[in-house]
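Some notes on the structure that comes next.
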Amino acid sequence: MNNSITFNDNDDNSNNLTNKRRGSPTPLRSLNRISVKFDKPPPLPSHTITLGENSVLSLACSFDHLFSGSQSPNIQVWNLKTFRQIAVLKGHSGSIFCLKLSKDHKMLFSSSGDGTVRVWDTKLLKCLYVIQSSHDVGDLFSVVYSDSLETLYIGCQNTSIQSFDLSIKEKYKASQPFYSCKNSKFFDSILTSTSSSTSLVSSNEIIINTTEERSCIRRINEYEREGEGGEEEGEEEEEEMETVERYEIDDSLVYLNSHNGYVYALELGKTKNGEILMSGSGDGDVKVWSIKKNSMELLKVLKGTDAGILTLALYDDLIFCGAQGGDIKIYDLETYQHVRSLMAHDDDILALVFRGSNLFSGSADGTIKRWSKNFEILDTFRDHKGIILSLALTPQSDMESSSDNSNLWLISGANDQLIKFWDLPVLAMTLEGKIEEESTTDMMLYALSKWISLQTVSGKLKYLEECLRGAKYLKSIFEQLGAAESFLIPNGNPGKNPIVFGKFVGIDDELSSYKLPCQYCKKKTNILVYGHYDVIDADETKWNSDPFEMFGKDGYIYGRGVSDNKGPMLATIFAASELQQEKKLKANVYFLIEGEEESGSVGFYEAIKKSKDLIGEIDVIFVSNSYWLDDEIPCLTYGLRGVIRSTIEITSSHTDLHSGVQGGAVSEPLNDMVRILSKLISKDNSILIPGFYDKVRPVTSSEQQLYEPLVELKIREKFNNKFDMSQNQSINDSHHIHNLTSSEFQKLQNREKLMARWRYPSLTIHKIDVSGPNNATVIPCKAKANVSMRIVPDQDLNVIVKDFQSYVKSIFETLKTENDLSITIDNKTDWWLGDIGSKYYKATEQAIEQEWGIKPLYIREGGSIPTVKLLEKEFNAVTVHFPMGQSTDQAHLNNERIRLQNLFKGKLIFKSLFSKLGDEF
668 MNNSITFNDN DDNSNNLTNK RRGSPTPLRS LNRISVKFDK PPPLPSHTIT LGENSVLSLA
728 CSFDHLFSGS QSPNIQVWNL KTFRQIAVLK GHSGSIFCLK LSKDHKMLFS SSGDGTVRVW
788 DTKLLKCLYV IQSSHDVGDL FSVVYSDSLE TLYIGCQNTS IQSFDLSIKE KYKASQPFYS
848 CKNSKFFDSI LTSTSSSTSL VSSNEIIINT TEERSCIRRI NEYEREGEGG EEEGEEEEEE
908 METVERYEID DSLVYLNSHN GYVYALELGK TKNGEILMSG SGDGDVKVWS IKKNSMELLK
968 VLKGTDAGIL TLALYDDLIF CGAQGGDIKI YDLETYQHVR SLMAHDDDIL ALVFRGSNLF
1028 SGSADGTIKR WSKNFEILDT FRDHKGIILS LALTPQSDME SSSDNSNLWL ISGANDQLIK
1088 FWDLPVLAMT LEGKIEEEST TDMMLYALSK WISLQTVSGK LKYLEECLRG AKYLKSIFEQ
1148 LGAAESFLIP NGNPGKNPIV FGKFVGIDDE LSSYKLPCQY CKKKTNILVY GHYDVIDADE
1208 TKWNSDPFEM FGKDGYIYGR GVSDNKGPML ATIFAASELQ QEKKLKANVY FLIEGEEESG
1268 SVGFYEAIKK SKDLIGEIDV IFVSNSYWLD DEIPCLTYGL RGVIRSTIEI TSSHTDLHSG
1328 VQGGAVSEPL NDMVRILSKL ISKDNSILIP GFYDKVRPVT SSEQQLYEPL VELKIREKFN
1388 NKFDMSQNQS INDSHHIHNL TSSEFQKLQN REKLMARWRY PSLTIHKIDV SGPNNATVIP
1448 CKAKANVSMR IVPDQDLNVI VKDFQSYVKS IFETLKTEND LSITIDNKTD WWLGDIGSKY
1508 YKATEQAIEQ EWGIKPLYIR EGGSIPTVKL LEKEFNAVTV HFPMGQSTDQ AHLNNERIRL
1568 QNLFKGKLIF KSLFSKLGDE F
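Under the numbering used here, residues 668 to 1588 are what the sequence shown spells out, in order.
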C-alpha cells in the first residue's frame, strides 16, 4: 500500500477563481496523485502563524522545529507538527538578522544587531556560548557554518567578513562581554530613500531603497523594550551573560574591507579545488573566496552594477544573486561568467532558496515566485500583505531517525508579522510514465480538507446529493487506507443520508496462525467507533473565511466540521489504518458513521436493526463527539442528558382577525398559549409538571468527588458570567448556604452550576410562531411553540413524555377556550451514563495521561447524542466517550476550529487504545 496517498479532485470548476466553487470533488478510487494543470489556481498557504508586532527577518527549519527571528531580540521556536510556539530563546539585545543550522541540525547560529553570534543547542533549546568581535563591527547581517572546517563565517555592517574556528574556541575566551552602544551605526546611518517602493513602507518596518552602493539597503528601527519590569529583564540578561561562555574572534581572522558595502549575504559551496565562500554586498559585487582552516583567500570578484546584492543561493555550479530592483543575476562558478539576469520582481529581492531544481524568490513587492530550471515561472505566491523578508524550506532526509513529519513546505516571513507555510509538490511517476507533481501535505489533513469542502448539511433537501458524495468519499478513504470492508448502509428512513460502514481486521495471534481449534485461540476484542459526517449549515458572511474551505492559522484549522465531527473521525480512522500498516492492530475495529446526527439521527435505529448481523458481537463502543471543559485539560465524558423536543399548537376555527373588530369577542390562540407556557416553569426555574423530579437520581458522595477538581479550574469565572445563580433553585436553599465560608460557598456555586448544566433536568421554551402577517393589529388564528426538556438518570423517557402531554392538556382544559390543542413529540433521546469504573474507561484514562502527561477530568455533558444509549443497548456493550476538541472549538457556531495538537494527539491516543485493547483484553 502506498504510504504517500493524496485525494484527487476532478471538479472542472475548481480552478475558476472568479466563481466560488460549490461543486463537489468527485470521490475517486485512487487517492494517489493530483495532476498539476496548466490553468491551476495560485497557491494558497496551508497554515499561517501570527508573530505579533514584529516583522519576520529570519527563518531556519529543522526536522521538528521552525526558528524565527524578528526585530525583537528573541528567537521563537515553533513545533512543525502543531504550529504552536514551544520556546523563546533569549539572550540577544538586538534584532535577529540571520539564522542558520549546522548540517546535523544540532546547532543553531544567530547573528544580531547587537554585534554578536550566539550558538544554541537545538535539542536543549539553550545557548551554548557567544561569539563576539574584538571591536565594534555594527550589525551582523549574515552567518554561515562550514561543518567540514568547523568554522563560522560572519558578514558584517562594517564591510568585513570574520571567521571563527569552533574546534579551537577555548583559545579565544573573551576577557569581558562585548559592548555595543544601543544606537548602532546601522540605525544611525539611515538615509532618506528615493525609491518608489520605500514610500509604501512605514517607518517602523524594514525599508528598501535603491541609492548608492554603500547606502543602507535594509533598515530596521531599533527594537525598543516596552512595559514594566524592564530592569528585571535586564538583570536576567546580565546574569545570563555571566554564565554563558563568551569567545572573541582573533584579529587575524577579521578580513577588513572585504567589500565596499555592507556584507548582506554569505553562501558556502564546493569546487574541484575545495570549499569556497561567496559573499554579496551593497557594493553590487559577489566575491568568491577559497576557505581553509583559519584562512581565507580571494579567488574572484564577480563585478556587478550599482544594485546591491541582498541574498545568495547556490544550485550545481550556478550562483544566484538577488539584487536591488528585482533582478536575479546568475553566474557560472566554473568559468566565473555572468550567464543570465532574470527580471524577476518589481522590487528588491530579499530571499532565495532552492528545493531540487526549483528556485524560490521572495521580494519587497510582496510576492514569492517558483522558477523551473529553465527559468520559467511555475507559481506566484501572493498571500502576504507586505515585504517578503525571509524564506526557509523544511529539510528532506532519508535517515531512519528523522522525524515522522512528512510535509514539505516553503516557509515565508514578511513585515505583515506573519509566517506562512506553503505545501510543496514533489515529482512522481504516473502509471502512464508521465512526471507529475504530488502533494506532500499530511495525508490526514489533506483528506480532511477535501471532506470539509463537501457541504454535507443534513436536514436540507438541497444538500442531499452533496451528503451522498460525502458518504462515498468517506467510503473511498476506508478502501484506500486498507479497510477489509467498506460499504454504505441505507438509512432506515427512505430519502435520508446513508450510514458509512468500515472495518479494519486485527492480525491473528500466534496460536491462530497454526490453525489450532478455536478454544485454544485468543478471542479478538471487537471495537465499534460511532461518529457522523453531517454538519450544521454555515453562514459564510459571518465567518472570517470560507467555512467549506479548510485553512490553518496559529496552530488551529478552521472549517465547518473540523471539530464536529469530521476531524475526530478521520483521526480515529487513520489511527486504525496506521496500526494495521505497522502490523500492530490485534483488535477488530468497526466504524459506523452516519449522516443524520445533526437532524436527530432519523432512520439510524431502523438501519442498525437490519444490519446488526453484518457487525456482530461488540465489546466496547467509542464516541468522540464532545469537548473539553476548558482549553487546557483533557477530559473523559461519562454522562449525557436525554432530550424530548415537542411542538405545542393551538388553533382557532376562525381565520386571522382584526383586533379592532374582533378583539375580546373570540378566544385568541396566542393568549391561550401564553397561559399554558406560563405554567410550565416556576419563578425559581423549577419545572411544574407533577412528578417530574420523582425519579431524578440523588447526588452521591462519590459523584461529588468528581466535581472537586473541576471547581478549582480558572474557568469558573466564565461559568459565573454565563449562568445566573437564581436559575438553579437548589443553590438558593437555605440549608445549602447556612454557615458556609466565602471559599466554600464559591466552590458550591461552581459545583451547582456544573450540575445544572450536566446532571439536573431542564425545560426550555425555544420560540413561539403565529400565523398571519405578523403585525400589531392581527389576532393570529394559530400559535405554535417549540418546547424541549432535558432529562437525566433515572427519569423514564416515555413516562416524562406522557406526563408532559397530560399536564399541558389539563391546563388547556381549565382555560374554557373555543380553540383546539395539539401536542407533537418531534424527537426524543434517552439519557446516558457511562461506567467510569470499567476497564475500558481506565484504559482510556491511561492512554490520555500517557499522551498529555496529565490525568483527564471526568465530566458530563448537558447535550444529547441520540445513538449512544441505542448502540449500548443494541450491542450490550460499554460506551466510552472521549472528547477530542477544546471548549472554544465553536462547534455549530461561526469559525469552527480544532487545534492541530488535539487532532494529532487524539489519533495517537486511539492508536494506543486500539493496540492496548487488542493485547490485554
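Just so it is clear, CB atoms sit at the ideal spot from N, CA and C, and this is done for glycine as well.
Q | Straight-line gap, Leu1307 to Ser1531 (C-alpha atoms, nearest Å) | A | Translated into the one-based positions of the sequence shown, residue 1307 becomes position 640. Translated into the one-based positions of the sequence shown, residue 1531 becomes position 864. If you take the alpha carbons of Leu1307 and Ser1531, they lie about 6 Å apart.
Q | Helix, strand or coil at Glu1043 according to DSSP, with G and I counted as helix | A | To locate residue 1043, count along the sequence shown from 1; it is residue 376. Reduced to three states, the DSSP call for Glu1043 is coil.
Q: Report the residue ranges of all beta strand (DSSP E) runs contained in full by the region 1423–1476; include only those spanning at least 3 residues, in chain order.
A: 1429–1437 and 1449–1458
(Q) Restricting to runs no shorter than 3 residues, where is the beta strand (DSSP E) found entirely within the region 1499–1553? (A) 1524–1528 and 1545–1548
Q. Do you know how far the Cα of Thr1534 is from the Cα of Lys1420?
A. Here residue 1420 is taken as the residue at index 753 of the sequence shown, counted from 1. Here residue 1534 is taken as the residue at index 867 of the sequence shown, counted from 1. Those two C-alpha atoms are separated by around 27 Å.
Q: Throw me the rounded Cβ distance for the Leu1019 and Leu1009 pair, which I believe falls under 8 Å.
A: Here the question's residue 1019 lines up with position 352 in the sequence shown. Here the question's residue 1009 lines up with position 342 in the sequence shown. About 11 Å; that fails the 8 Å criterion.
Q: Decide if Val1287 is buried, meaning its Cβ has at least 16 other Cβ atoms within 10 Å, or exposed.
A: Stepping through the sequence shown from its first residue, residue 1287 is reached at position 620. Residue burial is scored here from C-beta neighbours: Val1287 has at least 16 other C-beta atoms within 10 angstroms and is therefore classed as buried.
Q: May I have the straight-line CA-CA distance separating Leu923 from Cys823, to the nearest angstrom?
A: Mapped onto the sequence shown, residue 923 falls at position 256. Mapped onto the sequence shown, residue 823 falls at position 156. Near 10 Å, if we compare the C-alpha coordinates of Cys823 and Leu923.
Q: Look at the alpha carbon of Ser1319 and the alpha carbon of Asp1487, and state the distance between them as a whole number of angstroms.
A: Translated into positions along the sequence shown, residue 1319 becomes position 652. Translated into positions along the sequence shown, residue 1487 becomes position 820. If you take the alpha carbons of Ser1319 and Asp1487, they lie about 6 Å apart.
Q: For Thr1208, write down the residues that DSSP places opposite it in a beta bridge.
A: Residue 1208 sits at position 541 when you count from the first residue of the sequence shown. According to DSSP, which records beta bridges pairwise, Thr1208 is partnered with nothing at all.
Q: Classify Glu942 as helix, strand or coil using the three-state DSSP reduction.
A: The residue you call residue 942 lines up with position 275 of the sequence shown. Residue state, collapsed to three classes: strand.
Q) Roughly how many angstroms lie between the CA atoms of Phe1571 and Gly951, to the nearest whole one? A) By one-based count along the sequence shown, residue 1571 stands at place 904. By one-based count along the sequence shown, residue 951 stands at place 284. Roughly 48 Å between the two C-alpha positions.
Q | Status (buried if at least 16 other CB within 10 Å, exposed otherwise) for Ser1369 | A | Locating residue 1369 in the sequence shown gives position 702, where the first residue counts as 1. It counts as exposed.
Q: Give me the Cα-Cα distance between Thr1208 and Ser1266, rounded to the nearest whole angstrom.
A: Numbered from 1 along the sequence shown, position 541 holds the residue referred to as residue 1208. Numbered from 1 along the sequence shown, position 599 holds the residue referred to as residue 1266. Approximately 23 Å between the Cα atoms of the pair.
Q. Who are the Cβ neighbours of Gly736 in its own chain at under 6 Å, not counting the five residues just before and after it?
A. Sequence index remark: in the sequence shown, residue 736 carries index 69 (1-based). The residues are Leu724, Ser725, Ile742, Ile763 and Leu766.
Q. Given Gly971, which residues of its chain have a CB within under 6 Å of its CB, disregarding the five upstream and five downstream residues?
A. As a working mapping, residue 971 is identified with position 304 in the sequence shown. Taking C-beta separations shorter than 6 Å and ignoring five residues to either side along the sequence, the partners of Gly971 in its chain run Gly951 and Asp952, following chain order.
Q.
Between Val1006, Ser925, Phe1215 and Lys840, which has its C-alpha nearest Lys1117's C-alpha?
A. Position 450 of the sequence shown, counted from the start, is the residue given in the question as residue 1117. Here the closest residue by C-alpha is Phe1215.
Q) With Ser778 and Ser809 assumed to form a contact (beta carbons below 8 Å), what rounded beta-carbon distance in angstroms separates them? A) For the purposes of this step, residue 778 is taken as residue 111 along the sequence shown, with counting starting at 1. For the purposes of this step, residue 809 is taken as residue 142 along the sequence shown, with counting starting at 1. Contact holds; Cβ gap of about 7 Å.
(Q) My output table needs one value for Ile1343: the three-state DSSP class, helix, strand or coil. (A) On the sequence shown, residue 1343 is found 676 positions in, with the first residue counted as 1. Note: Ile1343 maps to helix in three-state DSSP.
Q: Give the secondary structure of Ile1576 by DSSP, where H, G and I count as helix, E and B as strand, and everything else as coil.
A: As a first step, residue 1576 is located in the sequence shown; it is residue number 909 there, counting from the start. In this structure, Ile1576 counts as helix in the three-state DSSP scheme.
(Q) Considering just the uninterrupted stretch of the alpha helix (DSSP H) at Lys1139, what are its terminal residues? (A) Against the sequence shown, residue 1139 aligns to sequence position 472. Start and end: Leu1131 to Gln1147.
Q. Helix, strand or coil: how does DSSP classify Ile835 here?
A. Position 168 of the sequence shown, counting from 1, holds the residue named residue 835. Note: Ile835 maps to helix in three-state DSSP.
Q: Count the other C-beta atoms from every protein chain shown that fall within 10 angstroms of the C-beta of Asp788, then say buried if there are 16 or more, exposed otherwise.
A: If you number the sequence shown from 1, residue 788 lands on position 121. Flag for Asp788 reads exposed.
Q. Ends of the beta strand (DSSP E) at Tyr1223?
A. The residue labelled residue 1223 in the question sits at position 556 within the sequence shown. Start and end: Tyr1223 to Tyr1225.
Q | Asn1082 beta carbon less than 9 Å from that of Leu1056 | A | Position 389 of the sequence shown holds residue 1056. Position 415 of the sequence shown holds residue 1082. Yes, Cβ-Cβ distance for Leu1056 and Asn1082 is below 9 Å.
**Q.** Gly1198 (DSSP reduced to helix, strand or coil)
**A.** Residue numbering aside, residue 1198 sits at position 531 when the sequence shown is read from its first letter. DSSP places Gly1198 in strand when its eight states are reduced to three.
Q. Using DSSP with H/G/I as helix, E/B as strand and the rest coil, what is Ser1278?
A. Within the sequence shown, the letter at position 611 stands for residue 1278. Reduced to three states, the DSSP call for Ser1278 is helix.
Q: Below 7 Å CB to CB, which residues in the same chain sit around Leu1337 once its five sequence neighbours on both sides are set aside?
A: Working through the sequence shown from its first residue, we reach residue 1337 at position 670. If you ignore the 5 residues before and after Leu1337, its C-beta comes within less than 7 Å of the C-beta of Val1437, Pro1447 and Ala1450, all in its own chain and listed in chain order.
**Q.** Cα-Cα separation between Lys1350 and Thr1491, rounded to whole angstroms
**A.** Residue 1350 sits at position 683 when you count from the first residue of the sequence shown. Residue 1491 sits at position 824 when you count from the first residue of the sequence shown. Each residue's alpha carbon lies about 26 Å from the other.
Q: Pick helix, strand or coil for Asp1213, following the three-state DSSP scheme.
A: Locating residue 1213 in the sequence shown gives position 546, counting from the first residue. Coil, per DSSP.
Q. Would Ser1165 pass as a contact of Gly1033 if the rule is Cβ separation under 9 Å?
A. Walking along the sequence shown from the start, residue 1165 turns up at place 498. Walking along the sequence shown from the start, residue 1033 turns up at place 366. The question names Ser, but residue 1165 in the sequence shown is Pro. No; because the gap between Cβ atoms is not below 9 Å, this pair is not in contact.
(Q) According to DSSP, simplified to helix, strand and coil, what is Ile1119? (A) Numbered from its first residue, the sequence shown carries residue 1119 at position 452. Helix at Ile1119.
**Q.** Rounded C-alpha distance that separates Glu912 from Lys959
**A.** Position 245 of the sequence shown, counting from 1, holds the residue named residue 912. Position 292 of the sequence shown, counting from 1, holds the residue named residue 959. For Glu912 and Lys959, the distance between alpha carbons rounds to 26 Å.
Q) How many Å lie between Gln1568 and Asn1160 at the Cα? A) Here the question's residue 1568 lines up with position 901 in the sequence shown. Here the question's residue 1160 lines up with position 493 in the sequence shown. For Gln1568 and Asn1160, the distance between alpha carbons rounds to 38 Å.
Q: Would you mind reading off the limits of the alpha helix (DSSP H) that contains Thr1239?
A: Looking up residue 1239 in the sequence shown gives position 572. Segment Lys1233 to Gln1248, the alpha helix (DSSP H) holding Thr1239.
Q: Quickly, what does DSSP pair Gly1169 with across the bridge? List them, please.
A: Taking the first residue of the sequence shown as position 1, residue 1169 is located at position 502. Gly1169 pairs with Ser1153 and Phe1258.
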